[in-house]
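Residues 1 to 255 in UniProt numbering are what the sequence shown spells out, letter by letter.
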Amino acid sequence: MSDHPPPPQRLETPDGRQIAYHKLPATPDQSTRPGVIFLGGFRSDMNGSKALHLEEWARKHGRAFLRFDYSGHGQSSGTFEEGAIGDWFADARAVLSALTAGPQILVGSSMGGWIALLLARSLPDRVAGLIGIAAAPDFTEDSMWATFTTPQRASLMADGQIALPSDYSETPYIITRRLIEDGRDHLVLRTALPLPFPVRLLQGTADTDVVPAAALRLLDHAAGPDIRLTLVQGADHRFSDPACLLLITETIESV
Numbered sequence: 001m002s003d004h005p006p007p008p009q010r011l012e013t014p015d016g017r018q019i020a021y022h023k024l025p026a027t028p029d030q031s032t033r034p035g036v037i038f039l040g041g042f043r044s045d046m047n048g049s050k051a052l053h054l055e056e057w058a059r060k061h062g063r064a065f066l067r068f069d070y071s072g073h074g075q076s077s078g079t080f081e082e083g084a085i086g087d088w089f090a091d092a093r094a095v096l097s098a099l100t101a102g103p104q105i106l107v108g109s110s111m112g113g114w115i116a117l118l119l120a121r122s123l124p125d126r127v128a129g130l131i132g133i134a135a136a137p138d139f140t141e142d143s144m145w146a147t148f149t150t151p152q153r154a155s156l157m158a159d160g161q162i163a164l165p166s167d168y169s170e171t172p173y174i175i176t177r178r179l180i181e182d183g184r185d186h187l188v189l190r191t192a193l194p195l196p197f198p199v200r201l202l203q204g205t206a207d208t209d210v211v212p213a214a215a216l217r218l219l220d221h222a223a224g225p226d227i228r229l230t231l232v233q234g235a236d237h238r239f240s241d242p243a244c245l246l247l248i249t250e251t252i253e254s255v
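Dropping the structure here:
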């Protein structure tokens, strides 16, 4: 028996992008329960520790589960620098629409939390619950553009991109003018954000990429009957040590 994992399946979106994904069907006794979709972060892929932990949990419990790479990420088509929030939202919407049936539990990590909120706003009937892990809505405006220096802003507008150092890779982030401008078309914290289903926000107090104040802002802004924020002392942005991973799956089960 081979130790190599099976290759991903592929979905061609209405925009012509090839999205790589892994899908786990529900067992018959769990088929009436909502499936779980993992939405990864900015420049991450579907093979991260949180996605794989959730897949193993879903396999153990017979739950339907789906993980995928946005275009320009991981094994999907396209290049990262050409993408923007609207593209990745369209990818996620295509995945939700084409590969799942009925309401799903959306688990969004960092940028994936923003994508999950966009899905919830556009397709509320397809969402059974939403879990944000260090959710980063509107980060292109509030964490990038708002903190750029005047020379950085001028360079971005004139050259179309700037390079930023990364804490997670030796390769710098290339931030494009299109990413910033497209992000402004998809902001969720400037207008009403009804979330009429259970919402759980998980946030580490030691997260320097998405600070706890961002989670409090989302909690304060969103409107819904069942929205809760859990702060985890000492957890960082990765939110992937054993205790954090256990908290994620316990949260799914509670929703």
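Even for Gly, the Cβ is constructed at its ideal location relative to N, Cα and C.
Note that the structure is predicted; figures quoted are calculated from it, not measured.
Check	Outcome
At what residue ranges does the UniProt domain "Serine aminopeptidase S33" (52-155) contain a whole run of the alpha helix (DSSP H), taking only runs of 4 or more?	85-99 and 111-122
Between which two residues does the alpha helix (DSSP H) harbouring residue 33 extend?	Neither: residue 33 is in no alpha helix (DSSP H) and is coded neither H nor E.
Whole angstroms are fine: how far does the CA of residue 31 sit from the CA of residue 164?	45 Å
Can you name the start and end residues of the alpha helix (DSSP H) that residue 200 belongs to?	First-last for residue 200: 199-204, but that is the beta strand (DSSP E), not the alpha helix (DSSP H).
Going along the chain, which residues of its own chain have a beta-carbon closer than 8 Å to the beta-carbon of residue 196, five neighbours each way excluded?	124, 224 and 225
With a cut-off of 8 Å, do at least 3 Cβ pairs link the stretch 53-70 to the stretch 18-36?	yes
Three-state secondary structure (DSSP) at residue 1?	With a pLDDT of only 45 at residue 1, under the threshold of 50, the placement of this residue in the model should not be trusted; the figure read from the coordinates follows. Residue 1: coil per DSSP, three-state reduction.
Taking the alpha helix (DSSP H) that residue 181 falls in, what are its first and last residues?	177-184
Nearest to residue 35 by alpha carbon, out of 84, 4 and 95?	95
Give the secondary structure of residue 213 by DSSP, where H, G and I count as helix, E and B as strand, and everything else as coil.	helix
Taking C-beta to C-beta, are residue 186 and residue 208 nearer than 8 Å?	no
Under 8 Å, with one C-beta from each stretch per pair, do the stretch 78-85 and the stretch 158-177 reach the 3-pair mark?	yes
So residue 12 is in the beta strand (DSSP E); what residue range does that whole segment cover?	9-12
If we count the other Cβ atoms within 10 Å of its Cβ and call it buried at 16 or more, is residue 198 buried or exposed?	buried
Please look up how many angstroms separate the CB atoms of residue 110 and residue 134, rounded, as I've assumed it's under 8 Å.	5 Å
Taking the Cβ atom as the reference point for each residue, do residue 118 and residue 106 lie within a distance shorter than 8 Å?	no
Below 8 Å on the Cβ atoms is my contact criterion, and I expect residue 191 with residue 235 to pass it. Report the Cβ-Cβ distance as a whole number of Å.	Not a contact, Cβ separation roughly 30 Å.
To the nearest angstrom, how far is it from the Cα of residue 148 to the Cα of residue 140?	11 Å
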